[in-house]
Structures are given as structure tokens and as C-alpha cells.
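**Student:** Dumping the structure here so I can ask a few things about it.
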Amino acid sequence: SVGGTVERRGPNVLPFSDYVLDLKIFIAATKYISNYNKMTPLDQIYKTLFLLVFMLEISLLIRVRTGNHNKVCGRTVYPTKRIVGGSNASFGEFPWQVSLRQWSGVTFLHKCGAALLNENWAVTAAHCVEKVRPEQLLLRLGEFDLKRADEPHGFVERIVQIIDAHPQFDVNTFEYDLALLRFYEPVNFQPNIIPVCIPQDECDFKGDIGYVSGWGRLSEG
14 SVGGTVERRG PNVLPFSDYV LDLKIFIAAT KYISNYNKMT PLDQIYKTLF
64 LLVFMLEISL LIRVRTGNHN KVCGRTVYPT KRIVGGSNAS FGEFPWQVSL
114 RQWSGVTFLH KCGAALLNEN WAVTAAHCVE KVRPEQLLLR LGEFDLKRAD
164 EPHGFVERIV QIIDAHPQFD VNTFEYDLAL LRFYEPVNFQ PNIIPVCIPQ
214 DECDFKGDIG YVSGWGRLSE G
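Throughout, our numbering is defined as the position within the sequence shown, counted from one, plus 13.
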């Protein structure tokens, strides 16, 4: 089961929406500008058209406007009290928790945890997807107990189509250990599948307590 403590919602939290869009366009534009003067006139025309089409595709695929995420993000299935010390979570306590699974040659086995950002994106650690092809990864949303199937609400699975690791991720120091995972078939939110909230830039969490959830041991040994 998912071990950890209940997450406290801070003020002014927003779901993941324009952050990826802005990053994608910035990276594409930066590469385009830096190489523009080195291109032939014909290449400049092709690259300009490509960038315009790319920006249109990004705006259509990534900017999710299908609903007001503020009304659902960060909400749990049942009201829960604070849990301390690393103990079993209750069903639906972390509905944004995702099981990232990798193909073993026979089936998809749990590898790492991830968090649901919206209908099409999840976030995980970059080291979990290092040297792995997208089609080798599956996201299981709404999972609770990895060993049981008789749960109040079922899970939903999606194959990963895009892996976008942080460009500055360092495999030796684990700095910038962050990766976005895209799946094209949107997931419908349900009581045990809800996106996590993303804080706005002006939020200050200094001195606050952070909580961690995931599948793992509750004690050493």
C-alpha cells in the first residue's frame, strides 16, 4: 500500500498546465535562434515552418483546458487525519500517486512512483527513466495495494508516449532528477485518480513540513 502521511494543501496552488507549454516553446525557440544564422535560406524556411507547426501542436496537446483543475486537484477520497512515522496510507489518501512500471519481457513490473499532473501528464524521477524507451513504460493510475485487486475503485493504465527528462539531469549527483511522462489517451478523473496541485511562484513554503508517499518498506530489515 502507499506509505506516508497526508499532504497539507497550501494556499494559491494551481494544477500543472502552462508550465510544460512554456518550457517546450522556450527550448524550441532557443535552439531555433541559436542555429538560424548557420542555416541555408531553404533550411531557414523549413525550420521556420517546423517551429510554427511545433508550437501549434504543443498548444493543442499540452495546454489542457478541459476543466477547472482547481476544483479537483489535491483532494482525497476520504477525510484523513495526520499520520506520522511512515505507516500504511488509507485507500484514496494520495489519489495522484502513480505506479510507474517497466516491461520485464513478460509483464510490466513496478519500478518507481510518479505523480499525476493532469489528464495527460505525470512526473517522476529522471533516474527511473534513464536509458528506457517510452513504450517500455506503463503508468498505473489509481493503484493502492500492489498485491491486491479487490479495492473500492479500480486502477487505469496508460502506455507512455513521451519521456522528457530535465536537460540538466546528472546521473552521478542526481541533480535535477525530474522527468515528465506524456500519455496521449486522457485519463478521466475518479475518486482514486486526482491530479496533484502545483504551487504558484509566489508561494513560500519555508518552514513548512513536506510529506512523501510511495510504495516501500515501513521499516528497515
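C-beta: ideal position from N, C-alpha, C; glycine also.
Buried or exposed for K219, please, with buried defined as at least 16 other CB atoms from any protein chain shown within 10 angstroms of its CB.
**Tutor:** Exposed, by the Cβ-count rule.
**Student:** Below 7 Å CB to CB, which residues in the same chain sit around F196 once its five sequence neighbours on both sides are set aside?
**Tutor:** Cβ neighbours of F196 beyond the five flanking positions: N133, L152, R171, I172, V173 and Q174.
**Student:** Taking all protein chains shown into account, do 16 or more other C-beta atoms lie within 10 angstroms of the C-beta of N131, making it buried, or fewer, making it exposed?
**Tutor:** N131 should be labelled buried.
**Student:** Given this structure, state the Cα-to-Cα distance separating V225 from V111, to the nearest angstrom.
**Tutor:** Answer to the nearest angstrom: the Cα atoms are 13 Å apart.
**Student:** Take G155 and list the residues in its own chain whose beta-carbon comes closer than 8 Å to its own, dropping the five residues that flank it on each side.
**Tutor:** Cβ within range, chain order: P108, H166, G167, F168, V169, Q203, N205 and I206.
**Student:** Tell me whether P208 is buried or exposed, calling it buried when 16 or more other Cβ atoms sit within 10 Å of its Cβ.
**Tutor:** Label assigned to P208: buried.
**Student:** For C210, which of H179, V136 and W228 has the nearest alpha-carbon?
**Tutor:** Nearest option by C-alpha distance: V136.
**Student:** Going along the chain, which residues of its own chain have a beta-carbon closer than 7 Å to the beta-carbon of W116, five neighbours each way excluded?
**Tutor:** These residues qualify, in order along the chain: Q149.
**Student:** Only counting the same chain, and skipping five residues up and downstream in sequence, which positions put a Cβ closer than 7 Å to that of C240?
**Tutor:** Here the chain comprises residues numbered 14 to 234, so residue 240 is not present and cannot be evaluated.
**Student:** So, E143 versus F104, is the Cβ gap smaller than 8 Å?
**Tutor:** Result no, Cβ atoms of E143 and F104 do not sit closer than 8 Å.
**Student:** DSSP on E170, reduced to helix/strand/coil?
**Tutor:** If DSSP states are grouped into helix, strand and coil, E170 belongs with the strands.
**Student:** Does DSSP put A102 in a helix, a strand or coil?
**Tutor:** In this structure, A102 counts as coil in the three-state DSSP scheme.
**Student:** What are the boundary residues of the beta strand (DSSP E) that includes V111?
**Tutor:** Element bounds for V111: Q110 to W116.
**Student:** With a CB to CB cut of under 7 Å and the five nearest residues on each side skipped, what residues in its chain are close to P199?
**Tutor:** These residues qualify, in order along the chain: E132 and N133.
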